[in-house]
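Residue numbers (the numbering used here): 2 to 226.
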């Protein structure tokens, strides 16, 4: 399957749920999926998660949020809530552009100061048009990474060839087992690099995996299947 994937950061104050996120503080938001009956009727489903909040606090914040026109609680667990929402015009316009350009939101999470989105476009031109729309609308579209879908998980997780080779060799040699099947010194010798270079390569690779597989990528796997 072809296509272009873009990962972007959008400031919370320029997108959805800005007042809710500011009010609730240490609470996470994850876009489960977007249902588009047509470009003018887009319905997002949003997970809200947090151990230090409750339904009453969440819904009070949503009621006061200018970016939310309506919402409905669909499911509730110990510290997670699933809502169907209707967002305001400014937010809907961007979502509608994504729908018109056949963009698929593979993952979208928000906490703190920004939304992190991973979006699949059928071709590069659709991405360019969406980016241009965002600029014209005054929406900050901070591109973190662009890669082709046929690059697979290596591209998705932001790993360089050297980082992927290092992680693969470390795994195959039992470096991550308990007890370890090989020591860092032995692994460095196998890869023909210094101990310091190996340590730096592993730290960078682990950082990329955490950022792209966990921080940004929550919820993306279900979209890819």
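Ideal Cβ positions, reconstructed from N, Cα and C, are used throughout, including at glycine. The structure presented is a predicted model; accordingly, all values stated were derived computationally and were not measured.
| task | Would you list the one or two residues that DSSP bridges to residue 8? | result | 119, 146
| task | Could you check the C-alpha separation between residue 141 and residue 68 for me, to the nearest Å? | result | 17 Å
| request: Determine, using beta carbons only, whether residue 84 and residue 144 come nearer to each other than 9 Å. | output: no
| message | Please classify residue 119 as buried or exposed, where buried requires at least 16 neighbouring CB atoms within 10 angstroms. | response | buried
| field | Alpha carbon of residue 146 to alpha carbon of residue 194, nearest angstrom | value | 28 Å
| message | Check whether the stretch 91-103 and the stretch 52-65 touch, using three or more Cβ-Cβ pairs below 8 Å as the test. | response | no
| request: Kindly indicate which three-state DSSP category residue 134 falls into: helix, strand or coil? | output: helix
| Hey, which unbroken runs of the beta strand (DSSP E) at 3 residues or more fall wholly within the stretch 32-116? | 42-50, 69-77, 81-88, 105-112
| task | Tell me whether the beta-carbon of residue 112 lies closer than 9 Å to the beta-carbon of residue 29. | result | yes
| request: State the start and end residues of the unbroken alpha helix (DSSP H) segment that holds residue 195. | output: That residue, residue 195, is in no alpha helix (DSSP H); it is neither H nor E in DSSP.
| message | Which of the three DSSP states is assigned to residue 223 in this structure? | response | Interpretation of residue 223 is limited by its pLDDT of 40, a score under 50 that renders its predicted location unreliable; no figure is taken from the coordinates.
| message | Below 8 Å on the Cβ atoms is my contact criterion, and I expect residue 177 with residue 171 to pass it. Report the Cβ-Cβ distance as a whole number of Å. | response | 7 Å
| message | Bridge partners for residue 182 per DSSP, in chain order? | response | The partner list for residue 182 (beta bridge, DSSP) is empty, contrary to what the question assumes.
| Nonlocal neighbours in the same chain, by C-beta distance under 6 Å from residue 224, ignoring five residues either side | Its pLDDT being 41, under 50, residue 224 is placed unreliably by the model, and the measurement read from it follows with that caveat. Hits under 6 Å: 107.
| Would DSSP call residue 16 helix, strand or coil? | coil
| query | What residues are listed by DSSP as bridge partners for residue 29? | reply | 50
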